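Its first residue numbered 25, the first sequence is counted upward by one per residue in my numbering. Where a beta carbon is used, it is the ideal one built from N, C-alpha and C, also for glycine. As the structure is a computational prediction, the values presented were derived from the model and not from experiment. Data block below; observations after.
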Amino acid sequence: MVNTKIIRQRESLPVFPYRQEIIDAIKNEPLLVVIGETGSGKTTQIPQYMLESFPEFRLIGVTQPRRIAAITVANRVSEEHGCRLGEDIGYCIRFDDCTSPKTRLKYMTDGVLLREATIDSRLGHYDAIIVDEAHERTLETDVLFGLLKETHRLRPELKILVMSATLNVEKFSDFFNSCPIFVIPGRTHDVAINHHRDAKISSLKSTFVQRSVETSLYIHTQEPPGDILVFLTGQNEIEKACRDLEDLDRNLNYKPDVKYYEDVKGLVIYPIYATLETMEQKAIFDDPPRYTRKVVFATNVAQTYDPTTGMDALLVVPISQAAATQRAGRAGRTASGQAFRLYSRESYEQLEPDTVPEIQRSSLLGTVLSLKKMGINDIINFEFIDPPDPAMVKNALKQLFLLEAIDDTGKLTAMGNEMSIFPLSPFLSRVLIASARQYECSREVLIIVAMLSVEEIFISPRNAEKQMDADEKRKEFYHPSGDHMMLLNIFEKFRDNGYSRDWCRDKYFNYRALSMAKSIRDQLKELMEKHDLPLVSCRLKNYQVKDDGGRQRKKRRNSYQDVKYNVEKMLESFSTSYYINLAKRHPHRPVFYHYASATGPGSESIDSNSSLLALHISPTSALHPDNKVVRVDDLDWVTYHSVLYTNKALMKVVSKVKLEWVQERLGLFKKLAAANLDASCSKSKSENNMQDDTNDDNDNKVNSTMVDVQEVKNQDDEKKRKRLEVIEAARQRALARKSITDQD
DNA sequence: GAGCACTGC
């Protein structure tokens, strides 16, 4: 049955007049770059043209950066094509494979294709690969670029298309052997851009929320009807902006003395950020009531990875010119519009032209492990379109060595091979394997690992009363050993309550996060079964439910022995990785110091001082002094899952450990100093010599780090404390300064 | 002076 309406729709798309030209180009060229704006139809049409024109193609793969895009596009295309989703046309995302042996066109996330590549780096199932939304430059897209270039050498018959929305794509073409670029002319509307007369970005500081609210109100009262979209940096700012604008709106009396009040008689204000419930997110697409203007406050900030500490840090940084232009372009999607920048034209011109690709600002630990698994040993010389910072690569190699995933020559070990089975941070993969092969507690550790792989579990209500209620309710999950066991408690209670959304709401837990943890647990369990990793419980045999009130509880406080599980075994499993994040308490203060920073590039650069950065226990931790679960002086050694920089360095997910658990593994730091991890990199001799120097250096640093920690332990005079504080403050300032391009 | 944007396997 031919649906004429669908045909008419397909033919009205900007890409349609170029159908034959595109097909010819694909026929003649193994590599092709296609440019087309959002809405040009490139994502839905070009794969269909290929399906229709190349019947000999058994499978065409199209990657998308986001799950939702893969699903909706596949849906749309199967409808246009007149087949049921999952038959000729399907999609594949994590936890949801909607394809069949019949499938010839497969939409997927770039992460899925990357996982497939770790199993078969030739991508032998595919006759064509299309990397869509390449301009987003996700970590996965960038790695795929390098792999596909290699695959092209091995399989020149494989058709490779790179599709992008930006015009600045010579780079893609240059990378793929100067391949042709096909441009689909777009349909866009004019956007007028207004800059602030003189404000510098650096001078906005904390006033940007207030300024954005004032500007919104100005637009509302002075400009013709039309919605307003405001970009801010985080949830807090967004909520404050919503409140402030609502207050201002309430005080407006919509008298007919201003030109546009007859058309615009009120405001509807929406916040949008990821942790909002899906329903609340969808609300922003509702049509506002008549005569009202819609204002949306949305998020967007950048993540940075600090190579001097090897830690993730969330810092507010100025956007790039490209990102500013893209944001402004949002105003012209459906009609002409205006963009208001709260900073001057000069400030705009001083911004970085392009957004730094994700690969240059994130941890490469998992990426390097995947590449090694694919047989790519020489990571430094791997063909990246924009190579990552070599210091980041070296850091990743060191960490992988400390996890025993690679040996002292940089080669993948049997352990590393097994670790790459799991779609997890290599730290957590290592823990999971230890719990299965060594400590006999994988059934429980599996849960904790899943809980550590999801977004924030705790909801922090803004309302002070609710916040107190939330804090109170959290207490029932506390465990004297720390937060890992708390996570296990939470998941088990969630399970015992039938994975209920209402239960989550009552306890102030993020239902979406806990459901995701359940899915991940199930997936990991399947992978363990498939690869013969034993699933063993450490539940104690003689465990009986006994309620003898306070005495039992008091006894538990002084021991790691849970009445129910062998907690030591679980925490020992975690220590196989997290000895790298071992911290010792200051003798007289509730702060901690990292045991040996030899892992991070911190050891390479400045100082052994990085080990003296004061680490605080996060207020959300069961072990935080205010929570009174344990006395601070009962804490000696702890390991932490991650560090968050606020104005302090906060350890997140902290558990109490015994030094004897990690003593043996600490020896790996020593071995690291002697290892030559990028020996496989065929660098010039002089660079290799430099390499050796660095390694010698590391050896010294490891020692000095240990001496320093020892000093902290033995000495405790006021001067020393002062010195540490000065160092810490300097570090924090340096960290903040690095992120701001404008001078004060 | 307390708190973290977004993806994804």
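| query | Are Arg161 and Glu382 close, meaning C-beta to C-beta below 8 Å? | reply | yes
| Do the segment 592-607 and the segment 477-486 meet, that is, are 3 or more Cβ pairs less than 8 Å apart? | no
| field | Spatially closest choice to Leu291 from Ile243, Glu45, Cys203, by CA coordinates | value | Ile243
| field | Pairwise C-alpha distance: Phe598 and Leu452 | value | 8 Å
| request: Please classify Phe309: is it buried, with 16 or more other beta-carbons within 10 angstroms of its beta-carbon, or exposed? | output: exposed
| query | Excluding the five sequence neighbours on either side, which residues of its own chain have a C-beta within less than 7 Å of the C-beta of Arg82, listed in chain order? | reply | Arg128, Asp151
| Would you call the segment 348-359 and the segment 232-246 in contact, with 3 or more CB pairs under 8 Å? | Counting Cβ pairs under 8 Å, fewer than three are found: no touch.
| What's the call for Val97, buried or exposed, on a 16-neighbour Cβ count within 10 Å? | buried
| field | Thr165 to Ser449 span [Cα, whole Å] | value | Straight-line Cα distance between these residues: approximately 19 Å.
| said: Run through the DSSP bridge pairs and tell me what Lys687 is partnered with. | reply: Here the sequence assigns Gln to residue 687, which means Lys is not the residue at that position. DSSP, once it has assigned bridges, lists no residue as partnering Gln687.
| Bridge partner(s) assigned by DSSP for Phe321 | Looking at the DSSP assignment, Phe321 forms a beta bridge with Val254, Pro295.
| task | Please confirm if the segment 391-403 is in contact with the segment 371-380, defined as three or more CB-CB distances below 8 Å between the two stretches. | result | no
| Applying the criterion that 16 or more other CB atoms from any shown protein chain within 10 Å of the CB defines a buried residue, is Thr358 buried or exposed? | exposed
| task | Specify the secondary structure class of Asp120 as computed by DSSP and reduced to three states. | result | Three-state DSSP puts Asp120 in a strand.
| query | Rounded to the nearest angstrom, how far is the Cβ of Ile113 from that of Ile153, given a contact under 8 Å? | reply | No, Ile113 and Ile153 are not in contact; Cβ-Cβ is about 16 Å, not under 8 Å.
| When the Cα of Val207 is compared with those of Asp198, Ala189, His220, which residue comes out closest? | For Val207, the closest C-alpha among the options Asp198, Ala189, His220 is that of Ala189.
| field | Residues that DSSP places opposite Met132 in a beta bridge | value | Thr87, Cys116
| said: Between the alpha carbons of Ser446 and Phe515, how many angstroms are there, rounded? | reply: Inspection of the sequence shows that residue 446 is occupied by Phe rather than by Ser. Cα to Cα, the separation comes out at about 21 Å.
| request: State buried or exposed for Tyr315, treating a residue as buried only when at least 16 other CB atoms are found within 10 Å of its CB. | output: So Tyr315 counts as exposed.
| Start and end of the beta strand (DSSP E) containing Ser371? | Element bounds for Ser371: not the beta strand (DSSP E) but the alpha helix (DSSP H), 369-374.
| Where does Asn651 sit, in a helix, a strand or coil, going by DSSP? | helix
| query | Under the three-state reduction of DSSP, which class applies to Gly399: helix, strand or coil? | reply | coil
| message | Taking a contact to mean a Cβ-Cβ separation below 8 Å, would you say Ala322 touches Leu253 in this structure? | response | The Cβ-Cβ distance between Ala322 and Leu253 falls below 8 Å.
| said: Given this structure, state the Cα-to-Cα distance separating Gly110 from Leu138, to the nearest angstrom. | reply: It is roughly 21 Å from the alpha-carbon of Gly110 to the alpha-carbon of Leu138.
| CB-CB length for Pro204 against Glu53, believed under 8 Å | 6 Å
| task | Rounded to whole angstroms, what's the CA-CA distance from Asn78 to Cys107? Just pull it up for me. | result | The question names Asn, yet the displayed sequence has Phe at residue 78. Each residue's alpha carbon lies about 18 Å from the other.
| Other residues of its chain near Glu479: CB distance less than 6 Å, five sequence neighbours each side excluded | Ala537
| said: Buried or exposed for Ile293, going by 16 or more other Cβ atoms inside 10 Å? | reply: buried
| query | Could you check where the beta strand (DSSP E) with Ser666 kicks off and where it finishes? | reply | Ser666: member of the beta strand (DSSP E) spanning 661-669, first to last residue.
| query | Rounded to the nearest angstrom, how far is the Cβ of Ile457 from that of Glu468, given a contact under 8 Å? | reply | Not confirmed; about 15 Å, so no contact.
| query | Is Val478 helix, strand or coil when you go by DSSP? | reply | coil
| message | Checking the sheet assignment: what are the DSSP bridge partners for Tyr589? | response | Arg563
| said: Let's test the definition: count the other Cβ atoms within 10 Å of the Cβ of Arg274 and tell me whether it reaches 16, buried, or not, exposed. | reply: The C-beta of Arg274 has fewer than 16 other C-beta atoms within 10 Å across all chains shown, which makes the residue exposed.
| request: Give the range of the alpha helix (DSSP H) segment to which Leu218 is assigned. | output: It should be pointed out that residue 218 corresponds to Asn in this sequence rather than to Leu. If you look at Asn218, you'll find it isn't in any alpha helix (DSSP H); it sits in the beta strand (DSSP E) that goes 215-219.
| field | Nearest candidate by alpha-carbon position, reference Pro411, set Asn651, Gln423, Thr391 | value | Of the residues Asn651, Gln423, Thr391, the one whose Cα lies closest to the Cα of Pro411 is Thr391.
| In chain order, what residues of the same chain have a beta carbon less than 6 Å from the beta carbon of Asp222, not counting five sequence neighbours either side? | Ser368
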